[in-house]
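These notes concern the structure reproduced below.
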Amino acid sequence: MTQQVLFYIFAALITLCSIGVITVRNPVTAAMYLVSDLFLLAGIYAMMQAHFVAAIQILVYAGAIVVLFIFVIMLLNLGPEARQRLKIPAPELAVLVITTIAFIGVAIMMTNGQPTVPVGALTPKAVQAAGGNTYVVGMVLFTKYLWPFELSSMLILLATIASVVIAKKDKAKAVKSTRKEQTLTSPAASSDCVEAAAPASLSNGKVVHGTR
Amino acid sequence: MGLDGQGLATDAATVQVIATIIKFVIIFILCMQVPPLMVWVERRAPALMQRRKGPNRVGIGKWRLYGLMQSLADAIKLIFKEEVVPEGANRAFYHIAPIFAVFPAFLIACAIPYGHTMQLFGYTIPLSIVDIDVGFLFIFAFSSLAVYGVTLAGWASNSKYSLLGALRASAQMISYEIPLGLSLIPIVLIFGTLDLNQIVVAQSAWIWKWGVIKAPISFLIFLICMFAETNRAPFDLAEGESELVAGFHTEFNSAKFAAFFLAEYVSMFILSLLAATIFFGGWQIPFVPYHALLVVTGGLTWLASLIGFVVLILKACFFMFLYVWVRWTLPRFRYDQLMSLGWKFMLPLGLANVFITAVVVAAIQFG
Amino acid sequence: MVPVDNYLVLATVMFLCGTLGVLFRRNLIMVLMAIELMLNAVNLVFVAGSQALGNLDGQVMVFFIITVAACEAAVGLAMVIALFRRYGTIDTSFLRMLRG
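Chains as they are written, first to last, in our numbering: chain C, 1 to 212; chain E, 213 to 579; chain D, 580 to 679.
Laid out in structure tokens, this is it:
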């Protein structure tokens, strides 16, 4: 009963925050709505006894990915989007709406009669007896899914190298831009100071070149 | 919901909820007392270290109390200052940013065990506000939210000092979060659980079983990252007075500045509590096991838990003094030195630590 | 326990919001945020499925999806920075070099 009420509260808030993410014009505000979405989702996961996933959601998604978004928005100094006439062509909109309603209908029909109590091995008592949610997830992760786990570590390494390489400044342009930035003007004004904005200048005005 | 003879609710869930609320209020009040005291320590201790006297003039009537009244005067001044919102500042985030700075610290305070589980009126009451089995992950998760307060504060202020300070401070905080987490993984490996309650119980009263002896490198990394996470010396370039005016909280005055101030000192206190819990045995009294303590207190679990609580606070106070001591002793890092220390030294050291600990634990367990 | 179809409906609504965001926002970073929204909707479906089927595979999948989302966000934002440096704008209506 309390779970149902809690779920409806969470669902209403998530819907509002999702609509907020796609409608607000200021990117940082949209990022904050995304953070609240992620928090509410973590609350739903915790309600479903998936504590590990809830903690990872806040730790990685809300605590790292969205921070990355906000960093980039700040570095690029993005202002609010211009208000625009939203021209949604009628056929596309109709297809979208019909598909959504159909999917919801199919989902409800297919899951009618699904259990309303946890089945089999996943009752909270069984999980607690086995050592807690993290323990059982860890057991599955390191036995059945060991190969994808190791592959995902390679993926993270790849992504790190790729993002460093893609966002690196050209060497020739870097020399020009450090000469331009002997005095600190507006840190976010020039689009070239993505790297120099972070270490910027020491107290005597000299610019420290960022890459070491 | 049943009622006993005196009309008190005996439903266990209700009692737990009431106990949680009472615990939270007590911890909240405790944490709110920390900033005024720390402000006083921050001025008196270095004064005495530097052979001068700190503030000792402010007093109420004849009560000068060695300068404690200065904190009260500071608090009153901060509350009554005029609040000036900078032109062009993003109003919504300008008002929200201090909240983002303050609440993660109090959330982390919820997961720390303050004493042994006690029996009161027939109910088993655990002495952490939230008794979850993923304590560690909870703490990592909410300490990574502290970055938002800094970033939003700097961005919303529409000032170049604030923006620069915010970028530097948040880059520093996220760089040192990784070694912080990595340094705690060997602890999880050694003690075999994510639950802070069980970790404190496993570190019994014997000092050679404490986290600092079992994982000394972890303690070292954690200590250094503790300083970096709270933007305290020697890692306080982002708010260094001579560099960036006041960094990300330049444009905040009066109550909002007090909020950032509060957030910094409460984060320091919470991280000190965490260091004491994980590495120094938490509420365990050295060489006095819990059953001996129970004998001494005559079987009153609440008294034993209270003594454990006081011991934990004393250990945290040592770390707070360490914070102040290091601040007034070491010069501050330059920003690029700071970043290369975090990424090129702390991170590989943390990884090597995890690897070696894993090998040793596996060897002991299966060898 | 809440019946599974409640979670599916919520996930569909989130996914729909994400899709609309990807299709109709002109700022590239907003598009990336809408993609994150879609990924979160899928996460919700997986965890709900894990609860309904009594299996932990759903939660492990969520772990991997979050990992992949992190990598994709990092690389995507690096590309946004490179694009901004090259073209001075990240408005999708101006970035049409690959159009025929």
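Every residue gets a Cβ at the ideal spot worked out from N, C-alpha and C, and that includes glycine.
* Asked: Which chain E residues sit within Cβ distance under 7 Å of I70 (chain C)?
  -> T363
* Between the CA atoms of V53 (chain C) and Q638 (chain D) - distance to the nearest angstrom -> 7 Å
* Asked: Can you name the start and end residues of the beta strand (DSSP E) that I272 (chain E) belongs to?
  -> Neither: I272 (chain E) is in no beta strand (DSSP E) and is coded neither H nor E.
* Asked: So, helix, strand or coil for V500 (chain E), using DSSP?
  -> strand
* Test: P91 (chain C) CB closer than 9 Å to a CB of chain F -> Reference to chain F is not applicable here, since the protein chains of this structure are C, E and D.
* Go through its chain and collect everything with a Cβ distance to L561 (chain E)'s Cβ below 8 Å, but skip five positions before and after it. => P391, I429 and I433
* Please confirm whether any heavy atom of the ligand MG lies closer than 8 Å to the CB of G271 (chain E). => Summarising the ligand content, the structure contains no ligands, and the ligand MG is consequently not present.
* Can you name the start and end residues of the beta strand (DSSP E) that L332 (chain E) belongs to? -> M330 to L332
* Is it right to say Q331 (chain E) is buried, meaning 16 or more other beta carbons lie within 10 angstroms of its own, or is it exposed? -> exposed
* Asked: Should the stretch 529 to 541 of chain E be called in touch with the stretch 433 to 445 of chain E, which here means at least 3 C-beta pairs below 8 Å?
  -> yes
* Which parts of the stretch 597 to 637 of chain D are runs of the alpha helix (DSSP H), unbroken and 4 residues or longer, counting only runs that do not cross its ends? -> 607 to 632
* Reduced DSSP category for Y326 (chain E) - H, G, I as helix; E, B as strand; rest coil -> coil
* To do: Return the CA-CA distance between Q630 (chain D) and I58 (chain C), expressed in angstroms with no decimal places.
  => 20 Å
* Name the chain D residues whose beta carbon is nearer than 9 Å to that of S36 (chain C)? -> Ordered by position in chain D, no residue passes the 9 Å Cβ test against S36 (chain C), which lies about 12 Å from the chain.
* If you count every other CB in all the chains shown that lies within 10 Å of the CB of G300 (chain E), and 16 or more means buried, which is it? -> exposed
* Sequence-distant residues of its chain with Cβ nearer than 6 Å to V583 (chain D) (five each side left out) -> A627 and A631
* To do: Go to Y61 (chain C), then tell me how far its alpha helix (DSSP H) extends in each direction, as first and last residue.
  => It is not in any alpha helix (DSSP H) - Y61 (chain C) carries neither H nor E in the DSSP assignment.
* Does the separation of the CB atoms of E651 (chain D) and A159 (chain C) fall below 9 Å? -> yes
* Answer with yes or no whether the minimum CB distance from P187 (chain C) to chain E is below 9 Å. => Because the pLDDT at P187 (chain C) is just 43, under 50, the model does not fix this residue reliably, and the value given afterwards should be weighed accordingly. Output row for P187 (chain C): interface = yes.
* How would you call R269 (chain E), buried or exposed, if buried means at least 16 neighbouring beta carbons within 10 angstroms? -> exposed
* Local conformation of D286 (chain E) per DSSP, three classes -> helix
* So which of E:S416, E:M558 and E:V362 has the shortest CA-CA distance to A471 (chain E)? -> E:V362
* So Y477 (chain E) is in the alpha helix (DSSP H); what residue range does that whole segment cover? -> A467 to F491
* Taking 9 Å as the CB-CB limit, is V647 (chain D) close to chain C? -> yes
* Asked: Exposed or buried, which one is K238 (chain C) when buried takes at least 16 other CB atoms within 10 Å?
  -> Past the edges of chain C, shown from 1 to 212, lies residue 238 (chain C), and the structure says nothing about it.
* Asked: Where does D670 (chain D) fall in DSSP's three states?
  -> strand
* Asked: What alpha helix (DSSP H) runs, 4 residues minimum, are completely inside the stretch 337 to 367 of chain E?
  -> 347 to 355
* To do: Give a yes or no on whether 9 Å exceeds the smallest Cβ distance from L674 (chain D) to chain C.
  => no
* To do: Please compile the residues from chain C whose C-beta is within a distance smaller than 8 Å of the C-beta of V621 (chain D).
  => Going along chain C, no residue has its Cβ under 8 Å from V621 (chain D), so there is no contact; the nearest lies around 11 Å.
* Looking at the structure shown, is Y145 (chain C) part of a helix, part of a strand, or coil, going by DSSP? -> coil
* To the nearest whole angstrom, what separates the beta carbons of A313 (chain E) and A365 (chain E), a pair I think is in contact under 8 Å? -> 7 Å
* Asked: In chain order, what residues of the same chain lie with their CB nearer than 7 Å to the CB of D286 (chain E), ignoring the 5 residues before and after it?
  -> V251
* If you draw a straight line from the alpha carbon of L408 (chain E) to that of I324 (chain E), how long is it in whole angstroms? -> 7 Å
* To do: Answer with buried or exposed for P91 (chain C), where buried requires no fewer than 16 other C-beta atoms within 10 angstroms of its C-beta.
  => exposed
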